[in-house]
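Numbering (our numbering), first residue to last: 22 to 318.
C-beta atoms are modelled at their ideal positions from N, C-alpha and C, and glycine is treated no differently.
Accompanying notes for the structure given below.
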Ligand code: GLU
Ligand code: ZN
């Protein structure tokens with residue numbers, strides 16, 4: 022494990038929720054973990070609304086999340102950015118990759134891919150059909166990036182070494198969908214760079230996305246942040262808490278016990294009296310005593 026130095030004034034972390042519903046305990050844990058790690062280092066904590074996929078967005082969810090964060094005492098240090106307003110930046114990045122000859126159109130349907138591919142680490146491994154037999158851009162098409170099998174490896178602050186060979190583990194992946202929506206993998210990389218993020222603290226469900234993001238960062242000449250993937254909160258059925266699994270919203274009227282539960286989930290050991298205080302005494306304790314070494318991994 023990397024030692025985590027206490028004061029790092031250049032530290033810039035972020036919380037990047039998708040506005041598909043209110044904060045639930047799972048997203049609260051990601052918010053709290055990223056916030057405490059930033060504050061512990063005396064760094065900045067930014068919030069970015071990942072509303073790139075307008076079809077998944079629930080009206081009012083973004084402002085609802087921001088309201089919940091405020092009421093939970095989690096203040097962000099710079100203006101919130103919205104991915105829905107950043108298509109120009111994503112297109113610019115796509116053009117840079119295209120100039121490197123790495124982008125190709127793909128007209129395959131889900132069914133065609135399902136019939137011709139194997140399951141990899143993160144769903145189907147696209148078999149490269151449209152790379153071998155170029156698709157006509159006159160038809161509606163997604164844009165994919167050509168990957169390779171050079172190992173991409175990084176040291177996760179909590180989980181240690183993680184490595185993938187993109188071509189065989191995930192395949193050539195989509196950067197822009199056929200409906201024109203930019204893929205999460207591209208948007209997150211462009212925005213982490215634009216916001217000069219030095220530390221990405223998020224759920225371990227995104228651990229297997231990180232090599233794709235590092236691949237794009239390398240090609241785009243962006244710095245590679247440090248990554249810390251937190252354990253994922255699951256329900257009694259072992260499913261990740263999410264809107265799809267009907268996770269309950271965090272209620273701000275009794276925020277303190279939920280914040281205490283979140284730090285407990287992250288292995289922190291607040292004294293029982295913490296519940297007798299208020300939100301500001303909670304945060305004071307939590308910031309001073311934050312210890313990554315206590316998180317289960
Ligand atoms: N928007 C993603 C989510 O809500 C998180 C992206 C990230 O932290 O990189 O799951
Ligand atoms: Zn194709």
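Closer than 6 Å to some heavy atom of the ligand ZN: that describes the Cβ of residue 150. Here residue 83 is not near residue 42, since their CB atoms are 7 Å or more apart. In the three-state reduction of the DSSP assignment, residue 210 falls in the helix class.
Cβ-Cβ separation between residue 301 and residue 44: approximately 19 Å, too far for a contact (criterion under 8 Å). With a cutoff of 6 Å, residue 176 does not count as near the ligand GLU, since its C-beta is closer than that to no heavy atom of the ligand.
With three or more CB-CB distances shorter than 8 Å, the segment 48-66 counts as touching the segment 214-225. Within the segment 85-158, the runs of alpha helix (DSSP H) that reach at least 4 residues and sit entirely inside it are, in chain order, 108-120, 131-137, 150-153.
In summary, residue 101 is exposed, with fewer than 16 beta-carbon neighbours lying within 10 Å of its beta-carbon over all protein chains present. By the Cβ neighbour-count rule, residue 135 is exposed, with fewer than 16 other Cβ atoms within 10 Å of its own. The C-alpha of residue 197 is placed about 31 Å away from the C-alpha of residue 179. Checking the DSSP bridge columns, you'll see residue 60 has no partner listed.
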